[in-house]
Every structure is written in structure tokens, then in C-alpha cells.
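Numbering (full-length UniProt numbering), first residue to last: 1 to 179. One structure is given here, and the rest of the page talks about it.
In C-alpha cells, the structure reads:
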């Protein structure tokens, strides 16, 4: 898994309630050997491309990037280039991995150019895209602001436990479809 702030689990009530932990637990039940997160942070996709180290041999590669680029006003064309290069880097080390690309964590009404860049780049490389903007749009999937949470005091933007659960379910649907 590679992703930005929400992969790290900021503002879930505890680390075991994040979408990453939920997916990891489910994959381990299915016999997955290990789950790695070579980049999970506040940076752009270009930063992830520069910093992430892939050992290869992945069966599944989950990429959740783009929200920070959108928030940082990185031009969508620049983002698409970096995102495509990152997917190529994953494919070069794990050519047969199931590739899952997750959309940006923002309302559906924003970032259509980013969502298209992610979906198109993923499809070009044989992956499957999964949007999460409609999960963001559900008021019950974020906040409430001011609650003690993993990573500090929660805000009203990042997913809460229910939001993380919904994201995990959305990603696991693709993994289940690929069996």
C-alpha cells in the first residue's frame, strides 16, 4: 500500500481502526505474507515517487495518492505524469500484481481531473480504479472535529472509523472480484 495522510490513519480512533489495518487484517486471514507501506505521508505524488522503495513481488498493490496534490494545487497534468511514473515503478517490480488505484479523498464535486488521471493511468496499466469521493460526501464518514484520535485531534475532513471502514470495504470489493 502506498498513500497519503489517510493511509497513515490520521484521525481514526486507534491504529487498528484505519482502512490500512482493516485491509491488512483481511489479507492476512487469506494467507498474505506481509503488507508494506513504502510511503505514507503529507507529500505529493512526486515526493512519493522519489522516496518510495519497492522490493517487488507484491500480489496486490494499493495506491491511494492524489489528495495532497489536489490540496497543494499541483496541476492535474503534472500529477498525472508523476502518478503514471509511480505506477510504472510498481509494475516494474511486481508486473503481475493486482493493481488497485483509489481516488482522492474530497467531495465528488471537486477534482474530476484528478479522478480521471487516476482512473486512466490505472486502466492503462491493467489496474482497477475505485472512487471514494462519495464516501467523503457522507457526513457520518468524517469528524467530528475536536475529538482525540490517533494522530492528534480530529478534524472534519479526514475519515473517522466509519469512513475508514467504508474505504476498506470499497477496496476489498475489488480484491474479492479478482479472485
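For each residue, glycine too, the CB sits at the ideal point set by N, CA and C.
In the same chain as residue 15, and ignoring 5 residues on each side of it, the C-beta atoms closer than 7 Å to its own belong to 9, 21, 150, in chain order. Residues 103, 115 of the same chain have their beta carbon placed closer than 7 Å to that of residue 131, with the five preceding and five following residues left out of the count. Within the UniProt domain "SGNH hydrolase-type esterase" (2-123), complete beta strand (DSSP E) segments of at least 3 residues are found at 2-4, 39-41, 60-64, 98-102, given in chain order. Here DSSP, grouped into helix, strand and coil, assigns residue 168 to helix. Between residue 43 and residue 68 the beta-carbon gap is near 6 Å, inside 8 Å, which marks them as a contact. Residue 133: member of the alpha helix (DSSP H) spanning 133-136, first to last residue. Taking every protein chain shown into account, the CB of residue 53 has fewer than 16 other CB atoms within 10 angstroms, so this residue is exposed.
Inter-segment contact for the region 157-172 and the region 141-149 is present: three or more beta-carbon pairs are separated by less than 8 Å. Cβ-Cβ separation between residue 49 and residue 86: approximately 5 Å, consistent with a contact (criterion under 8 Å). As DSSP reads the structure, residue 152 sits in a beta bridge with 149. The beta carbon of residue 146 is closer than 7 Å to those of 153, 154 in its chain, skipping five residues each way along the sequence. C-alpha of residue 172 to C-alpha of residue 124: approximately 21 Å in a straight line. Approximately 6 Å separates the beta-carbon atoms of residue 175 and residue 60; this is inside 8 Å, confirming the contact.
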